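Visitor:
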Amino acid sequence: MFFRISTVFVVALAAFAAASPAPWGAPPPTTTTHPPVTTTVTVTAPATTTTIPASQCNTGDAQCCNSVQSATAPAVTSLLGLLGIVLEDINVLVGLSCDPISVIGVGGGANCVQQPVCCENNNFNGLINIGCTPINIFL
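Residues -21 to -1, 1 to 118 (mature numbering (1 follows the signal peptide of the UniProt record, and there is no 0)) are what the sequence shown spells out, left to right.
Spelled out as structure tokens, the structure:
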């Protein structure tokens, strides 16, 4: 008799454990995935990169960038990949961590300790500017 009651108890306990909800009553986790977003940027690079006077920066605002590198540099390709940016022409210069500078006040207002560049209005909140050409703000 005792054997039958203990067997029924063990079977009932196993059935109860198998039918119990997730721990602490939490619903099972759901995952939602969003399709990746890709931005394609077309930039025409000059045949050779030359320094231009700041007054000739007619493709966009003059920028002061902490770093200006080739689009093929490892740091730049990693950043472009993280942002989902695909360049059609990889022979361009890319400015990193850029801030706009004023060319009106040459000598006083145009103060840039890093690399002054003129970019083609392809910027992503100053984090990255695409299609840059070095400029000389002291001409």
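We put the CB at the ideal spot given by N, CA and C, even for glycine. In this text, all values refer to a predicted model and were calculated from it rather than measured experimentally.
Hey, how far is the Cα of S57 from the Cα of G63?
Guide: For S57 and G63, the distance between alpha carbons rounds to 10 Å.
Visitor: Applying the 10 Å Cβ sphere with the 16-neighbour rule, what's the burial state of L66?
Guide: That one is buried.
Visitor: On the three-state DSSP scale, how would you describe T12?
Guide: Correct three-state label for T12: coil.
Visitor: To the nearest angstrom, report how far apart A50 and C91 are at their CA atoms.
Guide: Approximately 22 Å between the Cα atoms of the pair.
Visitor: Give every residue of the same chain whose Cβ lies closer than 6 Å to the Cβ of S46, excluding the five residues on either side of it in the sequence, and list them in chain order.
Guide: Hits under 6 Å: L75.
Visitor: Judging by CA-CA distance, which residue of L72, C98 and V73 is the nearest neighbour of I80?
Guide: For the residues L72, C98 and V73, the minimum Cα distance to I80 belongs to C98.
Visitor: Along the chain, where does the alpha helix (DSSP H) that runs through V92 open and close?
Guide: Run containing V92: none; DSSP gives neither H nor E here.
Visitor: Leaving aside the five residues before and after V55 along the sequence, list all residues of the same chain whose C-beta is less than 6 Å from its C-beta, in chain order.
Guide: Here the set comprises Q48 and V73.
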